[in-house]
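Visitor:
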Amino acid sequence: MGKILRVNLTDKKVSESPLPEEYVMKYLGGRGIAARLLYDIMSPGTDPLSPDSKMVWGTGPLTGLPVQACSSGWVVTAKSPLTGTYFRSRCVSNLGIMLKRSGYDFLIIEGKAENPTYLYIENGEVEFGDASSLWGTTTDLAEYLLKNHLIRNPKVETAVIGPAGERLVKYAIVQCGTRQLGRGGMGAIMGAKNLKALAVYGDKPIPIADEDRLKELVKEQITQLSAAHGAKRMQRYGTAAIHTLINQIGDYPYKNFWGTYFPEHEKLNGEGRVKRTIRNAGCPNCLINCWKITYVKEGPYAGAWVDGPEYETFCTFGGLLDISNLDATIAANQLADLYGIDTISAGVTIAFAIEAFEKGIITTTDTDGMVLRWRDEEVMMKLIKKIAFREGFGNLLAEGVKVASEKIGKGSEEFAIHIKGLELPAYDPRPVKAHGLGMVTSNIGGSHALSYGTQEVFGLPTAVDRFVVEGKGKLTKFNQDRLTWGECCIWCTFPTRTEWHKPDLLTKIVAAATGIDFGGFESALKIGERVWNVEKAFNVREGFDRRHDTLPGRFLKEPIPEGPSKGQKFELEPLLDEYYQARGWDVATGLPTRGKLEELGLKDIADEL
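Quick note, the sequence shown lines up with residues 3 to 611 if you use the working numbering.
(1) Leaving out five residues before and five after K412 in sequence, what residues of the same chain have Cβ atoms less than 6 angstroms from its Cβ?
(2) Would you report the Cα separation of G284 and K571, rounded to the nearest angstrom?
(3) Mind checking who I421 pairs with in its DSSP beta bridge?
(4) Under 9 angstroms, do A330 and L385 count as touching if we go by C-beta distance?
(5) CB-CB under 7 angstroms to N249, same chain, minus the five flanking residues each way: which ones, in chain order?
(6) In this structure, how does DSSP classify T595 when only helix, strand and coil are distinguished?
(7) For R392, which three-state DSSP category applies?
(8) According to DSSP, simplified to helix, strand and coil, what is K195?
(9) Thinking just about the alpha-carbon of each residue, which of G32, K114, L84 is nearest to the one in K56?
(10) If you compare alpha carbons, which of Y29, Q226, F108 is closest to D506?
(11) Return the Cβ separation of I163 and M192 in integer angstroms, given the expectation that the two are a contact with Cβ distance under 8 angstroms.
(12) Measuring straight from C-alpha to C-alpha, what distance separates W587 and K598?
(13) Please name the residue in L398, A353, G138 whose C-alpha comes closest to that of E379.
(14) Got a sec: is the Cβ-Cβ distance from S326 to anything in chain B below 9 angstroms?
(15) Name the two residues that bound the continuous beta strand (DSSP E) containing L183.
(16) Look up T119 in the DSSP assignment and say whether it is helix, strand or coil.
(17) Relative to the C-alpha of E18, which candidate in C494, K157, E127 has its C-alpha closest?
(18) I want to know whether the segment 81-97 touches the segment 121-140 - three or more CB-CB distances under 8 angstroms.
(19) Going by CA-CA distance only, name the one from I410, I325, M382 that's closest to T367.
(20) Rank I607, R432, T464 by C-alpha distance to the C-alpha of G569 and give the top, closest one.
(21) Expressed to the nearest angstrom, what Euclidean distance is found between the alpha-carbon atoms of A465 and A418?
(22) Name the residue from F319, E415, S82 whose alpha carbon lies nearest to the alpha carbon of L558.
(23) Classify T456 as buried or exposed, calling it buried when 16 or more other Cβ atoms lie within 10 Å of its own Cβ.
(24) Identify, in the order they occur along the chain, each residue of the same chain with its Cβ nearer than 8 angstroms to the Cβ of V16, setting aside the five sequence neighbours on each side.
(25) Got a sec, what are the start and stop residues for the alpha helix (DSSP H) S449 sits in?
(26) Only counting the same chain, and skipping five residues up and downstream in sequence, which positions put a Cβ closer than 6 angstroms to that of W59?
(27) DSSP beta-bridge partners for I295?
(28) How long is the line joining the alpha carbons of I224 and Q70, rounded to whole angstroms?
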């Protein structure tokens, strides 16, 4: 069934335990088991940046196997210092594969090291290393020194923090090669623990229950993926494939979500990235190759390169700030990765500051003498650095847009774009009701990744009217349960949510890999629902309820001023009512009922709540 490794940085105690069979049958793996482990070991009210805070690093049953669109996925669950909620962050580097090849399915990190430390795991052996020479370095240098001078094994996979994580920036990321463990401040948690890096190497074989059957199913999976139109676009453009579409339907976050249509979007579309792409890459065992290594060859940003930008960063370091220079977006993306800050949260927080300055709510007295304005690439670059190093005005912005707006006040809360403290991604909730409702009710705050209304945005797998309210509560529950199950496996979200490969095929692949028949797609959805309720229960213990499933005033009071979605607002209350009914929760409070929890086999949680 696999093993759990538990490491305490305070006393350097290391222990192993078998993965409980009950957990596997109820929660499958990946995000599901990681969520349940966190619920069990994390006491309510724990400060996320204290030594008592826990991080659960988890792989899925398909991690490291020769299966399309899933083999390198892994997750971390923790309590977020940005939101105070349960949090799941996901990455697609090879670290998860190495952890599994080292003999572990899950890793729990707790405590606080006395001095800067790196943790090295190799084939079941754990080493606590001195990271003093790495402290203060950017993420790229830290990775290089760790691999080539401290561990002296260039094949290890790493997860490192930058200066932002060391300074406890509330949305600091963890850099994993060219990929990121983003959103929610996982880098700040590592920084608070004096943990500069995790490095893992393993070469143990990963068992497959029925290898011949798995090969047969993967052939069918390749056939289905190869025939999917969306997959072909993803191969060419990566996630930037949707940039033009989102703008065309009027869902693009323009000038701090004031509008939903970016007039200069053509300067930042996927074709622009194709021209700057020097290499296509991707997860192992995936034919899509959606990673795009881009490089700026000339001009003031010559030499800048990044794995990306992804769609979100195209927007948050682009049209959200009214910037249409793709080279500047690439350079800003690179800077954020080197310093270790989340590009979504950073962009949204900077946009908030610019609007507050434009409205006269803050002045140069507050901003270290800087004049904040739209279309200013220099302001963007300067503020990224100020945030990462908590310099001057950047120290306030490093707390996130929720705290910044609360401290600034003067009505700025109305356009502080967050849900539960997590800055929104690059979708306006007003014109896409299910997509927006998924963000409002997300257990981690303002994220599209745990739901995604593909039916509204792409018309996949079946199209629905994005402006209609009725039916969106039930649809949102389905989308959440489907993607939650997918992250228990851990499937890539792109083909899972659009059904590029069919759900029943995926359940058969899991059965062939594990030797356990978890049932068909309906059973998969039930696992997803169970995990969603565990995550919700974590938040209930922390004091969250219906009052926190809300949006800033901009989306509730201000109709979209122009473009294809002109006039749309977000109809919060009826959408929430329908959603809670679909979930079987109490509509008045937005909390799970005892009956629902017991139906899902969560009586122990019902008793505690």
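Note that CB positions come from ideal geometry on N, CA and C, so glycine has one too.
Guide: According to the structure data:
(1) I363
(2) 38 angstroms
(3) L424
(4) no
(5) Y263, F264, H267
(6) coil
(7) coil
(8) coil
(9) K114
(10) Q226
(11) 5 angstroms
(12) 7 angstroms
(13) A353
(14) Absence of chain B from the displayed structure is noted, only one protein chain being present.
(15) 181-183
(16) strand
(17) E127
(18) no
(19) I410
(20) R432
(21) 31 angstroms
(22) E415
(23) buried
(24) L7, R8, V9, N10, V128
(25) From DSSP, S449 is part of no alpha helix (DSSP H); its letter is neither H nor E.
(26) V78, L109
(27) R281, D309
(28) 7 angstroms
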